[in-house]
Each structure stands twice: as C-alpha cells, then as structure tokens.
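A short write-up of the structure that comes next.
In the working numbering, the protein residues as written are 60 to 312.
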C-alpha cells in the first residue's frame, strides 16, 4: 500500500503503534482482520474518547497519503459482524436517494417550527449514549477513497427495521452511502463513528446556519432516521439541537 514501507511487522500495524505513542497511548492494543470484500480492517484500542478523538483527527489528516479512512467504534475489527454471503461492492452514490427518502416519509415528517434551544456540543450525544460502555473505544481504519463508501464496505449500520411504503422501501447499505455522500458534498459531513448494528455519527465541517436550510436538513435527518425521536426529539429538536452542531448522531432501534 502506498505510503508504507515493508518490515517484519505489518506496516500499517507498526504505523498505528507509532501514531498511538505520539498521542500518548502506551503499549497500544492493535487488531487486524480481513473483510468479506478482502480488505484489511485495522483497529487500535484507546483508553478514552478524548484520545480516540485525537487519534481520529490525526489519521484523518493523513488519509490522502495513506488511503485509509479512520472511524471510531465500540466494536473491534475481530468482533465485527458481517452480513452472510455479502461482499463489498460500493457503487456510485445516487444524489436522488435523499429526496426519495424524504418523499417516502411524506405526511409523517413536517417542517419544524424553530425555537431557541442550545445546539449539542460536539461529541455530547456520543458520550451520553456510551457513557456506560467499559473498555475504551476503538479507532479503526479501512482503505476507502470516500468515507461515504464505508456502509457498503463494512455492512453497517444494519437497519432492518427501517421501512416505507413509498419510493424507498428499505434502507440498504447503498442508500446509506448515497445519503452520506450528499451531506458530505453539501456540508463536509464525514463518517466519524460507526457500529456494525445501529449507530452512525458524522463529523460536520460546515453545518448549515441559515434557518431555512436548517429546517430542510432537519426534515431530511428525521426522514432518514425516525428513531431520532428517542435520542434527540422531534423535527423541532433536531433542527435546534443537532443540525447546527459539529456532530450528527443517528441511531436505529
């Protein structure tokens, strides 16, 4: 792989150990496994979320050189669950999927009336949801040109409970990819945290500030993830608390 020299220890594993020491992680635990699509998935355990975040930022800055996209998870590479019989096949993202998802929820998601609520601090929802989970957090890496392809590469998040009678009957990995790619183009939203079952968090470089745009994105987010009402609240709370923040949190029950 470009950017790595050979040696007795796997070059990416050695690279991760060196980076970990640089950010203050002593004797880092590193795992490596192979996906059904024959890609290497690496992971390094961090003792706490602050160090995990620092390592993620460091690795993200190096993505252009390494070709490896980092993401946080409470699932280690060797614990990851794969859909049986499925291989990685990232297809081009369809920019029309998000509009069809919104259309599929027509009548159930309304344009929010904005109030004056405090936006979530960056990482607040993630910390709150996983405050009870012991053992630190993993920073994982996989080869990917675009972070939006990770749902297909990693078979995650698995959202079988999502269904609609409209133009998008189910939320497959290709549709996750399409939604993430559109938000990446519009707002610089990239994958930050992923669980192989039910959770996805985006780091957002340019969250919308215009009130009309905030309302539009709140409708999109609530249509994409109706279970936000169990985490954030209805469209009004999504508009006020999540959309203007630096992290967008999604969880499917």
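We put the beta carbon where it would ideally sit given N, CA and C, even for glycine.
When DSSP states are grouped into helix, strand and coil, residue 74 belongs to the helix group. At a Cβ-Cβ threshold of 9 Å, residue 306 and residue 182 count as neighbours.
When DSSP reads this structure, residue 245 sits in no beta bridge, so it has no partner. Cβ atoms of residue 162 and residue 220 stay farther apart than 8 Å, at about 20 Å. In terms of CA proximity to residue 189, 131 leads the group 69, 131 and 288. Under the 8 Å Cβ criterion, the stretch 68–87 counts as touching the stretch 98–109, having at least three qualifying pairs. Following the DSSP letters along the chain, one finds residue 125 inside the alpha helix (DSSP H) bounded by residues 122–125. In the structure shown, the three-state DSSP call for residue 235 is helix.
Annotation: the continuous alpha helix (DSSP H) that includes residue 272 extends over 270–283.
Per DSSP, the continuous alpha helix (DSSP H) segment holding residue 187 begins and ends at 183–188. Counted as a single uninterrupted DSSP element, the beta strand (DSSP E) harbouring residue 104 occupies residues 99–105. A check of alpha carbon separations from residue 124 across 279, 254, 309 and 202 identifies 202 as the nearest. By the C-beta density criterion, residue 244 is exposed, having fewer than 16 other C-beta atoms within 10 angstroms.
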